[in-house]
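In the numbering used here, each number is its position in the sequence shown, counted from 1, plus 119.
We put the CB at the ideal spot given by N, CA and C, even for glycine.
Since the structure comes first, as structure tokens, the remarks are kept for the end.
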Amino acid sequence: MNKNVSNAYAGFAQRLGLQMDDSGGLYGQRGGYAWTIFATDPRYPYQLLVTTPVHRTAGPLSKEEVRQFKREHKEIFLLHQRQNAISITVRVKGSKGADRLEAAMNALTELLRTQSFRPCCQNCGQELPVEGYFVSGGYMQVCDNCAQALKQSHNTAQAQRTQKSENVVGGIVGSLIGSLLGVLCIILLSQLGYVAALSGLIMAVCTLKGYEMLGGKLSNRGIVISIVVMIVMTFVGDRIDWAILVSQQLEMPLPMAFQAVPVLLAEEIIVPSAYWTNLVLLYVFMLGGAVPTIRSSIRNRRFVDVVYRLGHPPVEL
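Right, dumping it as structure tokens:
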């Protein structure tokens, strides 16, 4: 977290009477309810998820109640309801960010009171005292019993993951299968007349997930292998796309057109600048999809087994 974001969060915490954890999340009691506030995506640090664990006998808010609430409070971007919690998404970038965040929390607090929502444990739903916990990269307000159960569950899962070996061959097969979806996306979007960032994102996500699914886990070695597969398959997808165009224009079978692309490029029947510009754009989009996906994977891997009470982080965090 950069210094500007950290300072902004510290200002929010002071304004709202909350505390700030070393991980960057805000937590504490306000208006009779327990709260956690954090950015779900590090790329968008000023889009905050504000959550409080609550329930009521009458059940969740109706769709009309949610629509009415959002109409009356424009500072609230989204409202989410889960079994034992209500969350709002608030955009807090700019000089008025703290004002919007405070107004949103005040509005939600008033709604909870008027609609008879009572504070509870975010995990089990019982009306017990709760503490804020960092759980695998997210934040929860849970009772003591649930906190101990979460720790035990994560310790067991950590032991199982440690014992699980990486299947490199299976991972390579999985990354190749995943990359085929990226190739298909490149071709389909190109046939529609687009060179879209979406194709790069799909290539990156599917290749990495393919490796993880069939390889058992996504290690640093798996990331490197997946990147190589992305580079090769992006080139293949672009070549197939040009082959389809050649096949249509010169009325030749697709395999023959695929083989003819380098010759046509050398003879400048295919304009080299157009060919290379298209390929470079695809690689730029692939990079744009791969970098945040890999960063997210590394972050998730780092925090997947981390559970601690907010304000008491492990030394290595």
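query, result
"Candidates R340, S125, L220, of which the one nearest V288 by Cα", "R340"
"Close-in-space but distant-in-sequence residues of the same chain around Y252 (CB under 8 Å, 5 per side omitted)", "Y258, M259, Q260, V261, A266, L269, V426, Y427, R428, L429"
"Simplified DSSP assignment, three categories, for V211", "coil"
"Nearest-angstrom Cα separation, counted from A393 out to G407", "21 Å"
"7 Å Cβ cutoff met for L337 and G293", "no"
"Own chain, CB closer than 8 Å to P433, minus 5 neighbours either side, in chain order", "V425, Y427"
"For P238, the residue or residues it bridges with in DSSP", "V173"
"Anticipated Cβ contact below 8 Å, L197 with I205, distance rounded", "Not confirmed; about 11 Å, so no contact."
"C-beta contact flag for A158 and L145 at 7 Å", "no"
"Beta strand (DSSP E) segments (min. 3 residues) lying fully within the region 236–312", "250–254, 257–261"
"Where G178 falls: helix, strand or coil (DSSP)", "coil"
"Three-state class that DSSP yields for R420 in the structure shown", "helix"
"Beta-carbon proximity of P238 to V173, cut-off 7 Å", "yes"
"Under 7 Å between C-beta atoms of Y165 and K212", "yes"
"Extent of the continuous alpha helix (DSSP H) to which R232 belongs", "216–233"
"Local Cβ density within 10 Å of L436, reported as buried at 16 or more and exposed below that", "For L436, the predicted model reports a pLDDT of 49, less than 50, meaning its position is unreliable; a value from the coordinates is still stated below. L436 should be labelled exposed."
"Under 7 Å between C-beta atoms of I305 and G356", "yes"
"Pair within 7 Å by beta-carbon distance, G301 and I321", "yes"
"C-beta contact flag for T353 and L401 at 7 Å", "yes"
"Three-state class that DSSP yields for G147 in the structure shown", "strand"
"Residues that DSSP places opposite S206 in a beta bridge", "T170, H199"
"Span of the beta strand (DSSP E), counted from its first residue to its last, around I156", "152–158"
"Extent of the continuous alpha helix (DSSP H) run through R358", "339–369"
"Contacts around N121, its chain only, beta-carbon distance under 6 Å, and the 5 residues preceding and following it disregarded", "none"
"According to DSSP, residues forming a beta bridge with V426", "V254"
"Classification of I195 by the beta-carbon crowding that lies within 10 angstroms, buried from 16 upward", "buried"
"Pair within 7 Å by beta-carbon distance, L383 and I389", "yes"
"Residues that DSSP places opposite M139 in a beta bridge", "L145"
"Distance, V185 Cα to E229 Cα", "14 Å"
"Minimum C-alpha distance to S181 - residue among K193, R201, Y163, T171", "R201"
"Inter-residue spacing [alpha-carbon to alpha-carbon] between E386 and V324", "36 Å"
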